[in-house]
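One structure below.
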Amino acid sequence: MPIQPGVDPYPEYMRESIKKVEATRSKRIHQDHPMLSADEKLDLLKKYHPDHKEGELVEIKVGPSKGEKTFKEVERIIQAYSRIDPKSFDLSQIDYDVDVLVIGGGGGGSSAALLAHEAGAKVLLVTKLRLGDANTMMAQGGIQAADKEHDSPARHFLDVIGGGGYDNFPELVKALVLDAPHVMDWLQNLGTMFDKEKDGTYITIHGGGTSRKRMHAARDYSGAEIMRTLRDEVRNRGIEVLEFTAAIELLKDDKGQCAGAILYNMETEEHFVCRAKTTIIATGGAGRLHVQDFPTTNHYGATADGLVLAYRAGAPFIYMDAIQYHPTGAAYPEQILGLLVTEKVRGLGAQVLNVDGEQFIYPLETRDVESAAIIRECKDRGKGVTTPTGMVGVWLDSPLIELKHGKGTIKRMLPAMVRQYERCNIDMTKDPILIYPTQHYQNGGIKINPDAESEVPNLFIAGEASGGVHGRNRLMGNSLLDILVFGRRAGRNAAAKAKETTIGKLTLDHVVSYHNELKQAGISEDRISPMLLPDYRRPETKERQKGQIPLGRV
Amino acid sequence: MADKKAKRRTKNPTGKTSQASKGSTVVAEPQTEMVRIYIMGKQYEVPKGLTIQKALEYAGMRLLRGCGCRGGFCGACGTVYRTEGDYKLKVALACQTVVEDGMYLTQIPFYPGNKAAYDIDKLSPTLDSIVQNYPEVMRCVQCNTCRKVCPQDIEVMQYIAAAMRGDIARLADLSFDCIMCGLCASRCPGELVQYYIAILGRRLYSKYMMPRAQHLARRIEEIQQGKFDKEIQELMTMNKEDLKRLYDTRDIEPEEELGEAIRLGEMSD
Numbered sequence: 419m420p421i422q423p424g425v426d427p428y429p430e431y432m433r434e435s436i437k438k439v440e441a442t443r444s445k446r447i448h449q450d451h452p453m454l455s456a457d458e459k460l461d462l463l464k465k466y467h468p469d470h471k472e473g474e475l476v477e478i479k480v481g482p483s484k485g486e487k488t489f490k491e492v493e494r495i496i497q498a499y500s501r502i503d504p505k506s507f508d509l510s511q512i513d514y515d516v517d518v519l520v521i522g523g524g525g526g527g528s529s530a531a532l533l534a535h536e537a538g539a540k541v542l543l544v545t546k547l548r549l550g551d552a553n554t555m556m557a558q559g560g561i562q563a564a565d566k567e568h569d570s571p572a573r574h575f576l577d578v579i580g581g582g583g584y585d586n587f588p589e590l591v592k593a594l595v596l597d598a599p600h601v602m603d604w605l606q607n608l609g610t611m612f613d614k615e616k617d618g619t620y621i622t623i624h625g626g627g628t629s630r631k632r633m634h635a636a637r638d639y640s641g642a643e644i645m646r647t648l649r650d651e652v653r654n655r656g657i658e659v660l661e662f663t664a665a666i667e668l669l670k671d672d673k674g675q676c677a678g679a680i681l682y683n684m685e686t687e688e689h690f691v692c693r694a695k696t697t698i699i700a701t702g703g704a705g706r707l708h709v710q711d712f713p714t715t716n717h718y719g720a721t722a723d724g725l726v727l728a729y730r731a732g733a734p735f736i737y738m739d740a741i742q743y744h745p746t747g748a749a750y751p752e753q754i755l756g757l758l759v760t761e762k763v764r765g766l767g768a769q770v771l772n773v774d775g776e777q778f779i780y781p782l783e784t785r786d787v788e789s790a791a792i793i794r795e796c797k798d799r800g801k802g803v804t805t806p807t808g809m810v811g812v813w814l815d816s817p818l819i820e821l822k823h824g825k826g827t828i829k830r831m832l833p834a835m836v837r838q839y840e841r842c843n844i845d846m847t848k849d850p851i852l853i854y855p856t857q858h859y860q861n862g863g864i865k866i867n868p869d870a871e872s873e874v875p876n877l878f879i880a881g882e883a884s885g886g887v888h889g890r891n892r893l894m895g896n897s898l899l900d901i902l903v904f905g906r907r908a909g910r911n912a913a914a915k916a917k918e919t920t921i922g923k924l925t926l927d928h929v930v931s932y933h934n935e936l937k938q939a940g941i942s943e944d945r946i947s948p949m950l951l952p953d954y955r956r957p958e959t960k961e962r963q964k965g966q967i968p969l970g971r972v
Numbered sequence: 085m086a087d088k089k090a091k092r093r094t095k096n097p098t099g100k101t102s103q104a105s106k107g108s109t110v111v112a113e114p115q116t117e118m119v120r121i122y123i124m125g126k127q128y129e130v131p132k133g134l135t136i137q138k139a140l141e142y143a144g145m146r147l148l149r150g151c152g153c154r155g156g157f158c159g160a161c162g163t164v165y166r167t168e169g170d171y172k173l174k175v176a177l178a179c180q181t182v183v184e185d186g187m188y189l190t191q192i193p194f195y196p197g198n199k200a201a202y203d204i205d206k207l208s209p210t211l212d213s214i215v216q217n218y219p220e221v222m223r224c225v226q227c228n229t230c231r232k233v234c235p236q237d238i239e240v241m242q243y244i245a246a247a248m249r250g251d252i253a254r255l256a257d258l259s260f261d262c263i264m265c266g267l268c269a270s271r272c273p274g275e276l277v278q279y280y281i282a283i284l285g286r287r288l289y290s291k292y293m294m295p296r297a298q299h300l301a302r303r304i305e306e307i308q309q310g311k312f313d314k315e316i317q318e319l320m321t322m323n324k325e326d327l328k329r330l331y332d333t334r335d336i337e338p339e340e341e342l343g344e345a346i347r348l349g350e351m352s353d
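As structure tokens, then:
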């Protein structure tokens with residue numbers, strides 16, 4: 419879709435601000451704002467990061483993480499009742515009987531399924547939308563791996579743990595950084611098209627908080643390239659996949675082991691019982707809960723279903739009070755509000771500027787710091803640009819990339835970004851783009867060990883649904899890495915565990931007792947979860963639907 | 085629209101009118117201009133400026149099929165439309181395209197394309213691999229309909245031509261931005277499933293034609309020899325203060341010109 423000439427996508431007052439950006443550009447080319455000191459960063463985070471906003475965190479009153487805090491929107495689905503009645507649900511008929519059940523069809527679930535299948539297990543993968551409908555598909559920037567001579571897994575380790583606020587679980591970080599080169603090799607063998615020099619050397623760049631250039635990318639379709647390849651491979655190997663099928667409750671057996679799940683066909687609204695020797699949750703994060711009303715970069719299905727299921731089964735959380743806001747979500751125009759502008763844009767040299775075209779933060783601080791600085795610039799200093807729909811944002815000076823690296827670099831390195839903005843008639847190679855932080859990632863999740871096991875026997879967790887590896891703040895490029903490292907570990911270990919497991923009598927007693935706890939804590943029975951999908955219909959629509967009776971009822 | 089006052093009245097599907105309530109999440113601003121769209125032939129009024137996807141939701145639809153990443157990457161929301169008075173069919177991704185007045189639209193969220201099952205380890209990057217798995221590739225009549233119907237503006241016919249010549253590198257390069265929405269296959273008179281041919285090509289190219297990363301092989305060997313174990317073990321057991329000092333004083337690789345290959349636009353992809 420070519421740019422329409424003569425139609426300015428920016429209103430006049432925004433164009434005025436862009437002129438200021440242009441005026442300072444030549445001076446800024448080789449002058450990045452200085453990086454903040456450790457104390458300055460801490461101070462900025464405390465005052466401006468949304469995680470520290472008063473009154474947003476509430477205490478969890480029931481379950482294995484009782485007494486810990488999480489965001490209101492998360493609490494609302496965690497402290498809620500099942501979609502089924504655990505006392506009367508019939509578990510006598512087994513509809514699916516497998517070794518390994520994988521819940522989730524993203525990069526974590528797919529790699530788990532592939533590895534479990536390779537280990538000889540009978541695998542069933544269920545996903546509530548299509549295979550590949552996941553945040554993996556949307557990850558643009560890249561994947562970290564310390565595979566170059568001047569880099570090392572130990573350096574990667576230090577970057578991860580410093581970026582995470584020293585709260586990371588060291589043994590998980592160790593697994594992450596030491597598996598990373600293996601993951602790249604696996605991807606290479608599967609045939610994923612990562613950017614390479616002519617001699618086969620990976621082209622790598624910086625991401626926020628990296629001390630070495632170790633971000634590997636497939637243009638700016640990095641996650642999509644991984645996802646479509648894994649999906650292709652899952653299909654090639656004939657692994658059984660049920661699409662449009664959600665897991666709505668985990669099953670346990672009389673020995674306390676996780677023993678599969680109750681499945682729900684999203685289209686026919688039928689329930690099925692799946693007995694599994696081991697179960698892997700790879701359901702991703704919580705973006706679609708819209709914590710603090712932030713827009714999100716996340717996939718339609720990011721409703722944290724796996725968290726709900728695992729928690730009811732007895733698996734504790736870690737760091738569910740740490741959300742990552744991506745500093746550069748689109749703030750203009752309205753139709754792409756909240757969508758991701760990849761960190762690679764800053765990685766390639768674009769600076770972040772206020773309404774007067776001035777820098778106010780080093781462009782590649784870690785995401786939490788960068789976000790806090792942008793919020794401060796807009797909310798506190800009043801130096802943001804307000805859009806016609808009332809959003810506020812700051813400029814990301816993309817044309818600088820072309821000045822630094824030559825004409826054509828943006829189109830070559832950021833084709834998805836160029837396309838996204840061209841659809842809005844904005845030429846990001848010539849004009850800066852307006853950005854504001856957007857809800858991006860759930861830093862915490864279900865607690866796991868390096869084998870990707872939760873505290874519930876025979877229940878494994880992989881990817882964003884798990885917590886601990888990133889501490890309180892994940893670095894760019896470590897999520898694609900995380901899902902593959904722990905997806906593979908979960909698949910391999912779940913298959914091995916399945917071999918030595920016999921499942922006893924199936925039960926939903928854990929849900930019954932969770933319900934009892936909820937009642938004792940005075941939680942309203944109107945609360946039902948998992949959510950499965952967000953509902954973006956208007957309240958007016960819902961009002962008119964009240965009292966509807968199923969068609970065909972007599 | 086006649087009534088553009090603060091309290092707009094919008095038509096609901098039954099033809100009755102009712103007042104928009106307060107506190108709506110998908111807000112039609114009081115002054116918002118409305119447009120008419122036809123969802124599978126049925127008329128709805130929606131605010132101007134919404135994407136097709138948000139317009140479907142505004143109209144009262146709950147999306148299950150036809151909605152995925154909502155950001156232009158997943159290919160779930162391929163949409164075919166035309167505008168009133170025009171016979172010409174156009175395509176769009178519902179999540180990336182703003183509604184127009186008089187738009188007649190339908191989504192094609194799924195297409196029953198044939199995917200071959202192959203063992204990538206046993207193929208070679210040749211025309212044979214393509215033809216054995218997808219013999220229908222030779223049925224291409226070069227009508228270019230696939231190109232016209234691609235919402236990503238990919239040169240679909242060109243990459244199919246490359247596939248027919250066994251030019252795997254060009255097939256991979258040209259098809260790279262494909263999101264596998266399936267619209268090309270939906271209009272193809274030769275019944276090709278272009279996006280499956282494309283991913284086979286990209287996998288063959290990446291696995292067999294791109295040189296392997298030597299530095300990666302060396303690093304894996306070093307890891308297997310345990311070269312980093314001691315250093316990582318030290319970091320794992322270090323107290324927070326020391327770790328912090330180490331982190332805050334670590335040297336950062338300078339930002340410099342990108343490699344020659346990028347400047348010249350000659351990356352091996």
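Note that the protein sequences, when read in sequence, are chains A and B.
Going from the first sequence to this note's numbering is simple: count from 1 and add 418.
Going from the second sequence to this note's numbering is simple: count from 1 and add 84.
The C-beta atom is built at its ideal place from N, Cα and C for all residues, glycine as well.
Since the structure is predicted, the reported quantities are computational estimates derived from the model, not experimental observations.
query	result
Spatial neighbours of Gln236 of chain B in its chain, beta-carbon cut-off 7 Å, leaving aside the 5 residues before and after	Asp261, Cys262, Ile263
Arg303 of chain B: first and last residue of the uninterrupted beta strand (DSSP E) it sits in	Premise fails: Arg303 of chain B lies in the alpha helix (DSSP H), 298-308, not in any beta strand (DSSP E).
Short CB-CB distance (under 9 Å) between Asn553 of chain A and chain B	yes
Near-chain A residues of the segment 292-319 of chain B (beta-carbon distance less than 7 Å), N- to C-terminal order	Met294, Pro295, Arg296, Ala297, Gln298, His299, Leu300, Arg303, Ile304, Ile307, Phe312, Glu315, Ile316, Leu319
Ala642 of chain A beta carbon less than 9 Å from that of Gly559 of chain A	no
Alpha-carbon to alpha-carbon, Tyr289 of chain B and Tyr195 of chain B	26 Å
Proximal residues to Thr647 of chain A (C-beta, below 7 Å), its chain only, five neighbours per side dropped	Leu608, Gly609, Thr610
Pairwise C-alpha distance: Leu454 of chain A and Arg785 of chain A	13 Å
Where the segment 178-192 of chain B meets chain A: residues whose CB sits under 8 Å from a CB there	Gln180, Thr181, Val182
Span separating the alpha-carbon of Ile204 of chain B from that of Ile283 of chain B	11 Å
Three CB pairs or more closer than 8 Å across the segment 828-836 of chain A and the segment 711-722 of chain A	no
Interface residues of chain B facing Asn607 of chain A [CB-CB closer than 9 Å]	Ile204, Asp205, Lys291
C-alpha distance - Lys801 of chain A paired with Asn772 of chain A, whole-angstrom precision	6 Å
Beta-carbon proximity of Ile698 of chain A to Phe878 of chain A, cut-off 9 Å	yes
Beta-carbon neighbours of Tyr584 of chain A, restricted to chain B and to distances below 7 Å	Lys324, Leu327, Lys328
CB contact below 9 Å: His535 of chain A versus chain B	no
Short CB-CB distance (under 9 Å) between His858 of chain A and chain B	no
Bridge partner(s) assigned by DSSP for Cys692 of chain A	A:Tyr514, A:Ala679
Residue interval of the alpha helix (DSSP H) (run including Val930 of chain A)	927-938
Nearest-angstrom beta carbon gap, Asn876 of chain A and Cys676 of chain A [assumed within contact, 8 Å]	4 Å
At least 3 beta-carbon pairs within less than 8 Å: the segment 204-224 of chain B vs the segment 133-152 of chain B	no
Proximity below 9 Å, CB of Val221 of chain B to CB of Ala247 of chain B	yes
9 Å Cβ cutoff, Asp461 of chain A in contact with chain B	no
Lys126 of chain B (DSSP reduced to helix, strand or coil)	strand
Leu173 of chain B to Gly144 of chain B span [Cα, whole Å]	25 Å
Span separating the alpha-carbon of Tyr839 of chain A from that of Met846 of chain A	7 Å
Distance, Ala728 of chain A Cα to Lys865 of chain A Cα	10 Å
Residues sharing a beta bridge with Gly162 of chain B, DSSP	B:Leu177
Cα-Cα separation between Glu482 of chain A and Glu882 of chain A, rounded to whole angstroms	Note on identity: in this sequence residue 482 of chain A is Pro, with Glu being the wrong assignment. Roughly 19 Å between the two C-alpha positions.
Residue closest to Arg446 of chain A, alpha-carbon to alpha-carbon, out of A:Arg955, A:Gln860, A:Gly767	A:Gly767
Segments of 3+ residues assigned as beta strand (DSSP E) that fall wholly inside the segment 805-856 of chain A	810-814
Interface flag, Asp87 of chain B vs chain A, CB-CB below 9 Å	The predicted position of Asp87 of chain B is uncertain, since its pLDDT is 38 and thus under 50; no value can be drawn from it.
Spatial distance of Asn867 of chain A from Arg296 of chain B (CA atoms)	33 Å
Residues that DSSP places opposite Met187 of chain B in a beta bridge	B:Ile121, B:Thr167
The segment 748-761 of chain A / the segment 545-563 of chain A touching (three or more Cβ pairs under 8 Å)	yes
Own chain partners of Thr805 of chain A with C-beta closer than 6 Å, once the 5 adjacent residues on each side are dropped	Tyr750
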